[in-house]
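Numbering (full-length UniProt numbering), first residue to last: 1 to 121.
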């Protein structure tokens, strides 16, 4: 069997490629992690938890996650409007993966220069 470089052509239509297509994006994992930690979250709460994300980017990313059926959007007919976000069952199925990524990061994190007292010259 011929070996090839790992690329989109090689990965093709694999489960790995599909999973990456769902969670790839600057804030998708952060949003999923926030919903995993806090459960049901309103839009402005999500913005506060994440911090540096713009309102537009948050809105677009939540719509993508909703379209991929990872996030549920519940809109309440009231004034002012109330919208809550939570993980769907499909989204909750990612929790073990997120937990493993957190554990891996805790175990394999390289010490930063700031933490070791070395100068950054």
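Glycine included, every Cβ here is placed at the ideal spot set by N, Cα and C.
Source: prediction; values computed, not measured.
Residue i and residue j look like a contact to me (Cβ under 8 Å); what is the Cβ gap, rounded to whole Å?
i: residue 71; j: residue 94; result: Actually they do not touch by this definition, with Cβ atoms about 11 Å apart.
i: residue 92; j: residue 69; result: With a Cβ gap of about 11 Å, residue 92 and residue 69 do not count as contacting.
i: residue 85; j: residue 20; result: Not confirmed; about 22 Å, so no contact.
With the cut-off set at 8 Å, would you say residue i and residue j are in Cβ contact?
i: residue 27; j: residue 98; result: no
i: residue 58; j: residue 47; result: yes
i: residue 60; j: residue 73; result: no
i: residue 62; j: residue 23; result: no
With a threshold of 8 Å on Cβ separation, who are the neighbours of residue i within its own chain once the five nearest residues in sequence on each side are excluded?
i: residue 121; result: For residue 121, the pLDDT reaches just 45, beneath the cut-off of 50, and the residue's location in the model is therefore unreliable, although a value from the coordinates is still provided. Excluding residues within five positions, none has a Cβ falling inside 8 Å.
Specify, as a first and last residue, the run of the alpha helix (DSSP H) that residue i falls within.
i: residue 60; result: 55-67
i: residue 17; result: 15-23
Once the 5 residues before and after residue i are set aside, which same chain residues still bring their CB inside 6 Å of it?
i: residue 50; result: 30
Which class does residue i belong to by DSSP, given the choice of helix, strand or coil?
i: residue 121; result: Low local confidence applies: a pLDDT of 45 at residue 121 is under 50, so the model's placement there is unreliable, and no value is given.
i: residue 109; result: coil
Along the beta strand (DSSP E) that carries residue i, what are the first and last residues, could you check?
i: residue 48; result: Looking at the DSSP string, residue 48 is not in any beta strand (DSSP E); the run it does join, the alpha helix (DSSP H), is 43-50.
i: residue 82; result: 82-87
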